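All remarks here apply to the structure that follows.
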Amino acid sequence: FSVFSLLCVAAVVVGFFLPGTFTVSRSIEVQATPEEVYALVGDLEKWPVWGPWKDADEALQVTLGERTQGVGASQSWVGTDGDGRLVFTKAEPQTGIAFDLLFNEDAFANTSSITYHEVGDGLRVTWEMSGEVPAPVVGGYLAWMMPDMVGPMFEDGLVKLKAAAEG
331 FSVFSLLCVA
341 AVVVGFFLPG
351 TFTVSRSIEV
361 QATPEEVYAL
371 VGDLEKWPVW
381 GPWKDADEAL
391 QVTLGERTQG
401 VGASQSWVGT
411 DGDGRLVFTK
421 AEPQTGIAFD
431 LLFNEDAFAN
441 TSSITYHEVG
451 DGLRVTWEMS
461 GEVPAPVVGG
471 YLAWMMPDMV
481 GPMFEDGLVK
491 LKAAAEG
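Under the working numbering, the first residue of the sequence shown is numbered 331, with each subsequent residue one higher.
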């Protein structure tokens with residue numbers, strides 16, 4: 331065995347023991363009311379105002395579903411990195427939204443939420459995503475890297491959401 335072969339075997343063995351589940355969560359404080367934040371997150375037509383996706387993929391093409399607000403609101407997209415769709419599963423003006431995310435012809439699914447609660451004279455807004463990467467070995471590594479891959483996008487979106495809600 332060469333050193334390279336041993337490293338490859340070690341990487342595969344470690345991959346089998348890494349959990350395939352992940353959670354990414356980022357928060358920001360916003361000086362706004364629940365109604366002001368909900369007007370931005372609870373209506374898919376308003377997502378281009380604060381969403382970070384177009385900056386990450388200029389080729390992104392988003393198609394809104396028949397409903398853009400409330401439970402059942404949906405959108406789909408096609409971009410450089412693949413395709414996907416989301417569907418609101420919860421929509422409560424006082425606390426936020428939750429939605430199912432499906433990527434690449436439903437090969438990768440997870441749940442996400444943008445929730446908020448009062449802190450001081452504003453709100454703490456939290457964007458969270460959790461799921462499972464089903465591929466053995468590789469999935470463990472992807473799940474492990476997910477916070478570093480998705481976290482900066484969430485942070486960017488939350489900063490834009492804050493600016494829109496406060497402005």
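No residue lacks a Cβ here, since even glycine has one placed at the ideal position from N, Cα and C. Keep in mind it's a predicted model, so treat the numbers as computed, not measured.
- If you keep only unbroken beta strand (DSSP E) runs of at least 3 residues inside the stretch 350–400, you get 351–360 and 391–394.
- With respect to Leu390, Gln405 sits apart: the two C-beta atoms are not nearer than 9 Å.
- In this structure, the straight-line span from the alpha carbon of Glu485 to that of Arg356 is close to 6 Å.
- Its Cα nearest to that of Thr456, the residue Thr445 stands out among Thr445, Pro464, Val480 and Val449.
- About 20 Å separates the CB atoms of Val354 and Leu453; that is not less than 8 Å, and the two are not in contact.
- By the Cβ rule, the stretch 457–475 counts as touching the stretch 426–443, because three or more pairs are nearer than 8 Å.
- Going by C-alpha positions, Met483 is about 8 Å away from Trp383.
- As computed with DSSP, Gln405 is found in a beta bridge with Leu394 and Leu416.
- For Asp411, no beta strand (DSSP E) run applies, since DSSP gives it neither H nor E.
- For Glu485, DSSP assigns no beta-bridge partner whatsoever.
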